[in-house]
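Chains as they are written, first to last, in the working numbering: chain A, 1 to 486; chain B, 1001 to 1479.
For each residue, glycine too, the CB sits at the ideal point set by N, CA and C.
Quick caveat: nothing in here was measured; it's all calculated off a predicted structure.
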Ligand SMILES: [Zn+2]
C-alpha cells in the first residue's frame, strides 16, 4: 500500500480503523514532497512542523473517536492565494513574498475545524493571472506526466501536487478555469463550484465576481467530501448563498439512467486536438452505455465568452490589486521616495510581474471615463446573454458535457510570450464563470501520453448532479486511477 | 454689474452606528484609546478581506432620506471609487454612484429675513470614511480607527443664492440629523463636514457659470467665511474681465483665504464601477414604510405645533425646537407647571439657557418638574423673580428641592402689609431731604426708596406692594 496514493475516502477508512495514523500518513506525504517536488515544483511553502502538529492533534481526535470528519487527519495543500494565519501567503508574487497574514480565510478555518492537515501552499500564476503557472514570480511548475510540459494554470501547483501524490487533495481557486484547466492537464478531478457556494473571505481576489474556491482530488467522490466541508454561507462574504449544503457524497450512488446530457456544439471546434476529441467521444459513448440521453445543444454566445471574461476580469483585478501599495504590508520600495506617489510607483514597478501590470493597465483603461460604456458596460450586458445561454440549455438537459481544454498540456515556454494565445487556452472554461454555474473536470483519457479532461457543467447550485454523473463514470473507468511515473 | 452667488452644498455626516459600515469594528473612533485599535482585515484593507454592509447604517440613511422628503430607491447599489491615497487602504472607497439610496428631496430654508426657499436635495448616498492622517515633518501617521466608519453624503442642487440661505440649510440639516439621532452634530469632532460649490453670475440671469468646490469646511463659521470669500474672489475676477477656472479649493481658516488644490485638468478619473463584493440593496415597500414610521416630529413641524398649541411667537418656538432635548424639556416643564407655556418659555429662553451655556450643561441637569415649581412660585408670589433665579442657579450647582432651598435660604417673599409698611415708614423718616427733593419734582427718587426697602428685606419684600406703600407714604408726607 502506497500511502501517498490514497484517496481521501481510503485514507479516512484506514485512519478510522487505526490501520494508519495521521502522523504516518503526513510524514509519508512530506517525504514524498521532499523527494519529488524538486522535479515538479508544486509547493511554494511546505509547512512541515505545522503539518505534523496538526496530524498529532488529528490522531488525538481519532483516538478519542470524537468529532471525526471524513477529512480528519487527511493531508492537503492550499493554493497560495488563500490567507493562512502565521503562514506566508504570496499569491506567487514578489510583492507578497514575505507577507504573513494575520487571519485565516474562512475555508482554512473550516478545514482546520474538520481536522484536515495542511502540508503547505502551492504554486500558481501570479495573482491567478495565467493559464500555465509560468507567471509565478518564483518558478514554473512542471506537469507530472511530462516534465517539459506545463501543469496548467493558475492553480498549477495544486493540480500537480495531487497528481504526484503530494497530498490527498488540494484547494484551488477558479476565476476562468484556474482549477479545471490544470486539473485536466494533470489528470485529476477538479471542481469549480457555483459562484457563492464557497466563501471567498480571505482569498486574495483576482476578479471578485468570478472567483470560486474549489477542490482538486483523485476522484469525484473525494471532491464531494471536500466541498461538503468548505461550502456554505459565510457572514463575512455577502455573496455566499444561504442555502444549506447538501450531503453530496452520501447521495452519489444513484443511477444516471435517463440523465439528459447536452453537448454544446460550440465547444467542439475546428482545431481541436484529435486525441482530446476521440477521448471525449469515447467518454460520451461510455455515459450513453450507462443510460444517459445525449443531445446536442447550442450556447450561441460562446464566442463572446473570452472577451467578456477578459474584459471584466481585468477591470475588477485593476481595482482589487490597488491595495498592494507598499503602505501596510508586503513589499515596500521607499528608497529615495519624495512622496507617497513615488512609493506606489516604485513598489508596484518592482513588485508586480509583466502579466499583472498588463492586466492592471487594461482594466484601468476599460473603466476609464469615456471608455466605460464601450467596454465594461457592454461586457456586463453580454455577460447576461452568456448566462441566458446556459439557462436556455438547461431547460432541455440536466448537465452539459464539453472538453475542459481543446488540447492537452502544452510545452513550457510555448505560449508564454504570446499573451493572446495563452488567453485562448481558456476558451472552454471561461464562459461558466461569468454565468456563475458549477463545472467539474474528470480525467477521460490521454492524448500523446498527456491527460485529457472532460468538463461537466451543471445548473446553479446543482453540484450534486455533476458529482453523480462523474462518480458513475469513474465507477466504470480507471483514467482517474492512472499515476504518472516519477 | 450686480452679481449673485449660486451655491450648492455637500454635507458629509457620520452615521451613529455601533459598528463600521462594512465590518464589525467599533465605529466610535472619537473615544478610541489609541490609534489603530478598532481595526480588522476589512477596514485595514488586508488582502482577501471582504465588506459586509451594515444594516443599521442603511436604516439610518433611509431615515435621513425620508426626513429630507427624498424618495428611497428600492434598488440601490454600492460602487467603487478608485484612487490612491495613504488614508484609503483598499485603493478604492466603497460608495454609491448610479444608484444612491435616496434621491429627489427638498428642505425649506430661510432665503433671507422675509422669504422662504425650497432647496432641492439631489441625492443622499452611503459611503465609508477614510483613515485619519497626521502629517509630521517628513512622514505621516495613519490611524485606521476611522477607516470604514459609515458616512452619508447629502448633496443639494445649486439652489441657494445667499450665504444666509446656505447657512440656514446647513443648520437645519444638522438639527434634523440630531433629531433623528443619526449624528451628534459635534462639528469639533469632525462628524459633520461641509463642501460648498460656488459660482457667481449677473443678477437676473439664469446661466450656470464655472464653479469651484471648497472642501472640508469643518464649522458653520468656516462655511460662511469661505463662501463669502469665494464669492467676492469670483466677482473680482469677472469685474476685472477674467474667467473663473473650475477647480477644487481648500480653506485656510487662519489666513481666511481659499487655496487651489486641484484644477480640472488634474481632476481624478475615479473609474467608478459596481462593487462586485456586495449584492445590490433591495428594499421592499414594507421595509421603507417601517422606516417611515420611525420618523419623529421634525423641527419644522414641532415649531408650528409649539406656535399653535402654546401661543408662542415664531422666534420663541424656534429657539425651543433648535434642539430636541430642549423641546422635550420644555414640554415636560409645561406639563408640570400651572403657569402658562409662554411663561415657562420665557424662563427657559432667559435664565435657564444662560445657565446651560455658562455651564455647558444639558437640560436634564435640572429636572423639568423643578423648573416648573420655580416658575409657579414666582407667579404665585411665593418668591420674587430674583429669588427664583437664585434657586435655579442653586439647582444647577448643587441640585435639591426648590421649596426646600427657598426655606433654607429664607427666600420666601414677604407680603405682610403691616411689616412692609413699618420698613417703608422707617426709610421715609430717615431721609427727609430726599423726600423734599421728590416733592420738588424729582420723581425718579421713587425707585430709590423702593430699592432701599428691597435692600432692607434682602429682596424678599413683594416689590409691587412695596412700591404701592412707598408711593402712598410719599403722598401722605406732602403738605
Ligand atoms: Zn474593521
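| Check | Outcome |
| --- | --- |
| Just verifying my parser: in three-state terms, what is the DSSP assignment at residue 1152 (chain B)? | strand |
| Leaving out five residues on either side along the sequence, give the residues of the same chain with a beta carbon under 8 Å from the beta carbon of residue 67 (chain A). | 61, 115 |
| Quick test of your reading: residue 1198 (chain B) and residue 1231 (chain B), contact by CB under 8 Å. State the CB separation rounded to the nearest angstrom. | 6 Å |
| If the criterion is Cβ atoms closer than 7 Å, does the pair residue 453 (chain A) and residue 404 (chain A) meet it? | yes |
| Under a three-way DSSP split, which group does residue 1216 (chain B) fall into? | strand |
| Within 6 Å: the Cβ of residue 7 (chain A) and any heavy atom of ligand 1? | no |
| Take residue 385 (chain A) and list the residues in its own chain whose beta-carbon comes closer than 6 Å to its own, dropping the five residues that flank it on each side. | 301 |
| Taking only three categories from DSSP, how would you classify residue 4 (chain A)? | helix |
| Name, please, each residue of chain B whose Cβ falls closer than 8 Å to the Cβ of residue 329 (chain A). | 1046, 1047 |
| Where does residue 1313 (chain B) land, buried or exposed, given buried means 16+ other C-beta within 10 angstroms? | exposed |
| Using a Cβ-Cβ cut-off of less than 8 Å, list which residues of the stretch 1088 to 1100 of chain B approach chain A; keep chain order. | 1089, 1090, 1091, 1092 |
| Excluding five sequence neighbours on each side, which residues of the same chain lie with their C-beta closer than 7 Å to the C-beta of residue 365 (chain A)? | 371 |
| Taking only heavy atoms of ligand 1 into account, decide whether any of them is closer than 6 Å to the Cβ of residue 1025 (chain B). | yes |
| In the structure shown, what three-state DSSP assignment does residue 475 (chain A) receive? | helix |
| What residue range is occupied by the uninterrupted alpha helix (DSSP H) comprising residue 174 (chain A)? | Looking at the DSSP string, residue 174 (chain A) is not in any alpha helix (DSSP H); the run it does join, the beta strand (DSSP E), is 169 to 174. |
| Going along chain B, which residues have a C-beta under 8 Å from residue 102 (chain A)? | 1041, 1046 |
| When Cβ atoms are compared, which residues of the stretch 193 to 219 of chain A fall closer than 9 Å to chain B? | 199, 200, 201, 202, 203, 204, 205, 207, 208, 209, 210 |
| Using a 10 Å radius around the Cβ and a threshold of 16 neighbouring Cβ atoms, would you call residue 1203 (chain B) buried or exposed? | exposed |
| Does residue 344 (chain A) get closer than 7 Å to chain B when you measure Cβ to Cβ? | yes |
| Between the stretch 1186 to 1219 of chain B and chain A, which residues of the former have a C-beta closer than 8 Å to a C-beta of the latter? | none |
| Would DSSP call residue 1330 (chain B) helix, strand or coil? | helix |
| Please list, in chain order, all residues of the same chain as residue 69 (chain A) whose beta carbon is under 7 Å from its beta carbon, the five residues on each side excluded. | 114, 115, 229 |
| What are the residues in the stretch 349 to 376 of chain A lying within 7 Å of chain B by C-beta distance? | 364, 367, 368, 369, 376 |
| Can you tell me where the beta strand (DSSP E) holding residue 1305 (chain B) begins and where it ends? | Segment 1299 to 1310 is the alpha helix (DSSP H) holding residue 1305 (chain B); no beta strand (DSSP E) there. |
| Among residues of its own chain, excluding the 5 on either side of residue 402 (chain A), which ones have a beta-carbon nearer than 7 Å to its beta-carbon? | 264, 267, 428, 455, 457 |
| Should the stretch 153 to 162 of chain A be called in touch with the stretch 108 to 127 of chain A, which here means at least 3 C-beta pairs below 8 Å? | yes |
| Output needed for residue 1169 (chain B): all residues of its chain with C-beta closer than 8 Å, excluding positions within five of it in sequence on either side, in chain order. | 1009, 1107, 1109, 1119, 1156, 1160 |
| Taking residue 1315 (chain B) as part of the alpha helix (DSSP H), name the residues at either end of that continuous run. | 1314 to 1321 |
| Closest Cβ-Cβ distance between residue 1354 (chain B) and chain A: below 7 Å? | no |
| Please list, in chain order, the residues of the stretch 229 to 247 of chain A that have any C-beta partner in chain B closer than 8 Å. | 235, 236, 237, 238, 239 |
| Got a sec: is the Cβ-Cβ distance from residue 1052 (chain B) to anything in chain A below 7 Å? | yes |
| Exposed or buried, which one is residue 474 (chain A) when buried takes at least 16 other CB atoms within 10 Å? | buried |
| Taking 6 Å as the cut-off, is the beta-carbon of residue 106 (chain A) closer than that to any non-hydrogen atom of ligand 1? | no |
| Return the residue from the list A:182, A:193, A:145 that minimises the CA-CA distance to residue 425 (chain A). | A:182 |
| Taking the runs of the beta strand (DSSP E) that are 3 residues or longer, which of them lie wholly in the stretch 1001 to 1034 of chain B? | 1003 to 1014 |
| What does the alpha-carbon distance come out to for the pair residue 243 (chain A) and residue 257 (chain A)? | 27 Å |
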